[in-house]
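K.L.:
Numbering (the numbering used here), first residue to last: 70 to 741.
In this text, a Cβ means the ideal position worked out from N, Cα and C, and glycines have one as well.
Keep in mind the model is a prediction, meaning the values are calculated, not measured.
1. Under 8 Å by Cβ, that's how I've got residue 183 and residue 254 pegged, so tell me the actual separation to the nearest angstrom.
2. Please say whether residue 414 and residue 451 have beta carbons closer to each other than 8 Å?
3. Between 732, 98 and 685, which has its C-alpha nearest residue 679's C-alpha?
4. Can you find the residues in the same chain that come closer than 7 Å, C-beta to C-beta, to residue 348, ignoring five residues on each side of it along the sequence?
5. Below 8 Å between beta carbons: does that hold for residue 573 and residue 599?
6. Please determine, among 235, 400 and 186, the residue with the shortest C-alpha to C-alpha distance to residue 544.
7. Please report how far the alpha carbon of residue 724 lies from the alpha carbon of residue 734, in whole angstroms.
8. Three-state secondary structure (DSSP) at residue 380?
9. Indicate whether residue 667 and residue 716 have their beta-carbon atoms separated by less than 8 Å.
10. May I ask which residues mark the beginning and end of the beta strand (DSSP E) holding residue 528?
11. Between residue 493 and the rest of its own chain, which residues show a CB-CB distance below 6 Å, the 5 nearest in sequence each way excluded?
12. Among 178, 163 and 216, which has the Cα closest to the Cα of residue 186?
13. Alpha carbon to alpha carbon, how far is residue 141 from residue 273? Give it in angstroms, no decimals.
14. Classify residue 226 as buried or exposed, calling it buried when 16 or more other Cβ atoms lie within 10 Å of its own Cβ.
15. Let's test the definition: count the other Cβ atoms within 10 Å of the Cβ of residue 736 and tell me whether it reaches 16, buried, or not, exposed.
16. For residue 201, count neighbouring C-beta atoms within 10 Å of its own C-beta (all shown protein chains included) and say buried if the count is 16 or more, exposed if not.
17. Residue 563: which of 536, 701 and 547 sits nearest, CA to CA?
18. Which partner residues of residue 350 appear in the DSSP bridge assignment?
19. Using the three-state DSSP reduction, which class does residue 140 fall into: helix, strand or coil?
20. Smallest Cα separation from residue 521: which of 192, 252, 458 and 496?
21. Using 8 Å for Cβ pairs, my map puts residue 567 next to residue 646. What's the rounded Cβ distance?
22. What do you get for residue 179, buried or exposed, if any count of 16 or more other CB atoms within 10 angstroms of its CB means buried?
23. Bridge partners of residue 493, per DSSP?
24. List the whole-angstrom C-beta distance separating residue 430 from residue 472, where the pair is believed to meet the contact cut-off of C-beta under 8 Å.
25. Have a look at residue 696 and residue 677 and give me their C-alpha separation to the nearest angstrom.
26. Taking only the alpha-carbon atoms, compute the straight-line gap between residue 111 and residue 276 and give it to the nearest angstrom.
27. Could you name each continuous beta strand (DSSP E) segment of 3 residues or more that falls completely within the region 615 to 663, going from the start of the chain to the end?
28. Can you tell which of 279, 114, 586 and 505 has its C-alpha closest to the C-alpha of residue 745?
29. Quick one: is residue 728 buried, meaning 16 or more other Cβ sit within 10 Å of its Cβ, or exposed?
30. In whole angstroms, what is the alpha-carbon distance linking residue 491 and residue 340?
31. Starting from residue 738, follow its DSSP beta bridges and name the residues at the other end.
32. Smallest Cα separation from residue 466: which of 515, 106 and 597?
33. Hey, residue 390 and residue 343 are a contact pair by Cβ (cut 8 Å); roughly how many whole angstroms apart?
34. Could you give the distance in angstroms between the alpha-carbon of residue 120 and the alpha-carbon of residue 355?
35. Find out if the Cβ-Cβ distance for the pair residue 214, residue 242 is shorter than 8 Å.
36. Identify every residue that forms a DSSP beta bridge with residue 65.
Have a look at this one:
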């Protein structure tokens, strides 16, 4: 972020007035924080007056030096998810040095140097970083931090810190801070040297930072002409404001100097942080975490955080979305800090290597659910949570995070619903060929066809190139009951009018569907009701023909009604009704009938239409219709209350103005 500095002429000097503001926080994350809560965490602003390198470009910067001092062909390189052996913090990449040659399966004797550019230190400098070994079984890598005040050749460096890594949890970084106050106010090079190993594997570094760089004294610049100011800029390389400019001919420019200004990057300290939900301020804290409690259940909110210094406030951080869960909807949360009592493991092939809770590659806390490799047998293992009672018509969500130990060794696992221990009945998702060495979040929505007792969990089935799969921070929640799961709804125009088709996957307490029609997609009117199936887990299909339509565009929707009177609308479908291309007579409906029925017909052009009714002896007993009609689809209602029960024939005769004629006869049955 760059801020404008104003310029004021004072007897040949230019004074700079700062208008700086703090920099925004970084890496804002929102997580489930508890019942009705959203937990927020973030990182401190990146201070441009310091030195930071997280290798997020995917490469070692060109200003650094990478020296293979033992000339064995192995030195520092950058790796990241999903292809890394390493692990990272605050991004996707980290820098790695190996002490083992995976191609020849032999140990190395590393002497690999990674050297920063020259840095000007201030009064209280520190060098901080994260470091770790990628495998708890081969973690004892040795490294040292060295400093040179002259040049970047290895012989010029002095050791200031060294250690042999302890055996951490799988993929766990440890933070280190090296005091460089002995080199205060000096220009230095800093080197990280990987110089040995007890157990031969690799060492990983991330997030190098040097704080307390020199801010410099007044910067004096001489020039002969004020136009020289136009091209002058002070940016990240200065890391301090421009305070004084001297001229050999100040009188020549004092009337014109107010035309020029300087952009200077300035970092300010942070007093506290403001937390915003959906753009509204909800709190202030000096910490880099915040819990938003008392939230509405099941509603997503967007969060940002700003840095505050005095009366100045930074721009917002990145956005993060959080959701507070209804406690009644949470069926289980597993963080694996202790072994879950409702976890069942089934070792199908009885090889003795199966799922377990241990300190291998945790996402949060100290443990994860993980399974290692067996050099002589494939994985064939279930890890299930339960039992639970799942209800038909309810949507459930199973959320989890997963990673593998090495991108070189892909792993396979899948997620299943079980009806008993070790007996999967439905696969929710298949994660084959995983190479992600950083955790990835996933979740699966599912329903069951019948209410009953179930389990849910993971099945590991890797057959080759196996190492380890880790699962962490798992949660099972129940959503709202879906009275009717409508899977399709369509409207089409045909010779009879408009055909409506819809289908359901499941129904719970479904009384039926009111069919509503609109000519403007604003005002809807009920035109019919179709009974539902009540409660069923079977697929159901429905249809209805709306024959009472003229040419034009129509909109339809379904109003699904429960037995208790509650209802829900479907989406709206649109259909265009056009002039029929031929004469048509439809079967009366209802049929049999008592005492009234409807007869529908279509004419492709303006025509005179008569409909006559005959008994089975061929005698005319009624004239139902005799009128002129425009082209289109039409209907007439016939009341037979004065007739006796029996079979009758109705005949339509249509004489079009274009000379085309049409005659058709159909049967109807009156039952009294």
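P.N.:
Here's the rundown:
1. Taking a contact as a CB-CB distance under 8 Å, the pair residue 183 and residue 254 does not count as one, their CB atoms being some 25 Å apart.
2. Result yes, Cβ atoms of residue 451 and residue 414 sit closer than 8 Å.
3. Taking only the C-alpha atoms, the option nearest residue 679 is 732.
4. None.
5. No. Outside cutoff.
6. Taking only the C-alpha atoms, the option nearest residue 544 is 400.
7. Cα-Cα distance, rounded: 15 Å.
8. Correct three-state label for residue 380: coil.
9. No.
10. Here the beta strand (DSSP E) through residue 528 covers 521 to 529.
11. Contacts found: 485 and 487.
12. The candidate whose alpha carbon is nearest that of residue 186 is 216.
13. Computed Cα separation, rounded: 19 Å.
14. Note on residue 226: 16 or more other CB atoms within 10 angstroms of its CB, so buried under the neighbour-count rule.
15. Label assigned to residue 736: exposed.
16. By the 10 Å Cβ count, residue 201 comes out buried.
17. Answer by Cα proximity: 701.
18. Paired residue(s): 345.
19. DSSP, reduced to helix, strand and coil, places residue 140 outside both helices and strands of the structure shown, so it counts as coil.
20. When C-alpha distances from residue 521 are compared across 192, 252, 458 and 496, the shortest belongs to 458.
21. For a cut-off of 8 Å, the C-beta gap from residue 567 to residue 646 is around 6 Å, short enough to register as a contact.
22. Counting Cβ neighbours within 10 Å, residue 179 comes out buried, since at least 16 surround it.
23. Residue pairing by DSSP places residue 493 opposite 487 in a beta bridge.
24. A Cβ-Cβ distance of about 6 Å is found for the pair residue 430 and residue 472, placing them in contact under the 8 Å criterion.
25. A straight line joining the alpha-carbon of residue 696 with that of residue 677 spans about 6 Å.
26. Note on geometry: alpha-carbon atoms of residue 111 and residue 276 lie some 15 Å from one another.
27. DSSP runs (the beta strand (DSSP E)) wholly in the region 615 to 663: 621 to 631, 636 to 638 and 642 to 646.
28. Given a span of 70 to 741 for the chain in the structure shown, any question on residue 745 remains unanswerable.
29. With a 10 Å radius around the Cβ and a threshold of 16 neighbouring Cβ atoms, residue 728 comes out exposed.
30. Straight-line measurement puts the Cα of residue 340 at about 55 Å from the Cα of residue 491.
31. As a beta-bridge residue in DSSP terms, residue 738 pairs with 716.
32. Selected option, being the one with the closest Cα: 515.
33. Not quite, the Cβ-Cβ distance comes to about 18 Å (not below 8 Å), so this is no contact.
34. Their Cα atoms are separated by approximately 24 Å.
35. The criterion of a C-beta distance shorter than 8 Å is not satisfied by residue 214 and residue 242.
36. Outside the shown range of the chain, which is 70 to 741, sits residue 65, and nothing can be said about it.
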